[in-house]
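Residue numbers (our numbering): 836 to 1025.
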């Protein structure tokens, strides 16, 4: 699992030298920001997804700040902010609005998936949108944290199971080989 993330994430030097992140200065040299372990990846996933769903144009900076604050994997947190892009933003905004309208008990307004339709909804219904965004961001962040924790534990459990089976197989083969050597009935006479 570690190898998968190492291949997928950008090199440390690329992120440390990014001009927009120089604002964080020496904080970027904290080794915890670059570790690949269960806590770091699940935390980085949660921070990245939370910041990706925040409707601000500074998602990457928020994500970097959150990763530094919580000392989780910085490259993963920053990379995940790209979940929201021009193709995914309209459905995310609409889903956030619907969740907020449902929680506030407001009848949802029909929205066309055009930039004008979304702008009209945001002008007239910003409260349900912001509430829905907050709820969606928190739920998705917690869900992603839990899912990564579970997948990591299952992966490690499977590795331990394979190791245990291999040890049992080696000990069974060794036992059988030693029985053949010590058992007089099994010895061949030359």
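Think of the CB as a built atom: it goes at the ideal place given N, C-alpha and C, for glycine as much as any other residue.
In the same chain as residue 976, and ignoring 5 residues on each side of it, the C-beta atoms closer than 6 Å to its own belong to 881, 884 and 885, in chain order. Remark: three or more beta-carbon pairs, one from each stretch, lie closer than 8 Å, so the region 960-979 and the region 931-941 are flagged as touching.
In the assembly as shown, residue 895 is a buried residue. Its beta-carbon has 16 or more other beta-carbons within 10 Å. Using a Cβ distance threshold of 8 Å, residue 873 and residue 987 count as a contacting pair.
For residue 906, there is no enclosing alpha helix (DSSP H), as DSSP marks it with neither H nor E. Residue 859 and residue 921 have their C-alpha atoms some 28 Å from each other. Using a Cβ-Cβ distance cut-off of 8 Å, the region 897-917 and the region 860-872 are in contact, since at least three pairs of beta carbons, one from each stretch, lie closer than that value.
Taking all protein chains shown into account, residue 913 has 16 or more neighbouring C-beta atoms within 10 Å of its C-beta and is therefore buried. For residue 933, the uninterrupted alpha helix (DSSP H) run begins and ends at 924-939, by DSSP. Rounded to the nearest angstrom, the gap between the Cα atoms of residue 930 and residue 967 is 8 Å.
Secondary structure note for residue 889: it is in no alpha helix (DSSP H), with a DSSP letter that is neither H nor E. Judged by their CB atoms, residue 911 and residue 952 are not nearer to each other than the 8 Å cut-off.
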